[in-house]
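The working numbering runs 150 ahead of the 1-based position in the sequence shown.
Notes follow once the structure below has been shown.
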Amino acid sequence: MAITFLKKKKKQKNLVQIFLLIVFMLLLFFLYNLQHKKQDISVVTEPVLEIPEIEINWVAVQDKRLEEFNLFEEIKPFEEEIGREDPFLPY
151 MAITFLKKKK KQKNLVQIFL LIVFMLLLFF LYNLQHKKQD ISVVTEPVLE
201 IPEIEINWVA VQDKRLEEFN LFEEIKPFEE EIGREDPFLP Y
């Protein structure tokens with residue numbers, strides 16, 4: 151009987167130590183996060199800059215030299231059969 155009581159006490163002692171370790175780790179975690187939140191609050195942000203208006207020079211777009219350029223050729227879809235019956239055979 152004495153041995154079983156000692157085993158239960160030892161197990162209970164280990165559980166208490168693990169619990170205290172977990173509580174200590176959580177405490178450190180929360181203190182670390184609070185410290186960083188305080189630093190984030192004190193950061194000075196820059197004022198928002200105004201977006202400049204964009205003016206398009208339509209004279210350059212309507213230039214006759216641009217009409218001389220050729221458009222890209224249309225790419226035709228692949229007409230042959232795709233793949234092989236057994237792709238693992240060498241060519």
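All C-beta atoms, glycine included, are put in the ideal place defined by N, C-alpha and C.
Residue i to residue j span [Cα, whole Å]
i                 : j                 : result
arginine 215      : glutamate 230     : 40 Å
proline 227       : proline 202       : 44 Å
leucine 178       : glycine 233       : 60 Å
phenylalanine 180 : phenylalanine 174 : 10 Å
lysine 161        : glutamine 167     : 10 Å
leucine 176       : threonine 195     : 31 Å
lysine 156        : lysine 163        : Looking at the sequence itself, residue 156 is leucine, so the reference to lysine does not match. Spanning the two alpha carbons is a distance of roughly 10 Å.
Helix, strand or coil at residue i according to DSSP, with G and I counted as helix
i              : result
tyrosine 241   : coil
arginine 215   : helix
asparagine 220 : coil
glutamate 199  : With the sequence shown as reference, residue 199 is identified as leucine, and glutamate is not the correct amino acid for it. Leucine 199 falls in the coil class under three-state DSSP.
lysine 226     : coil
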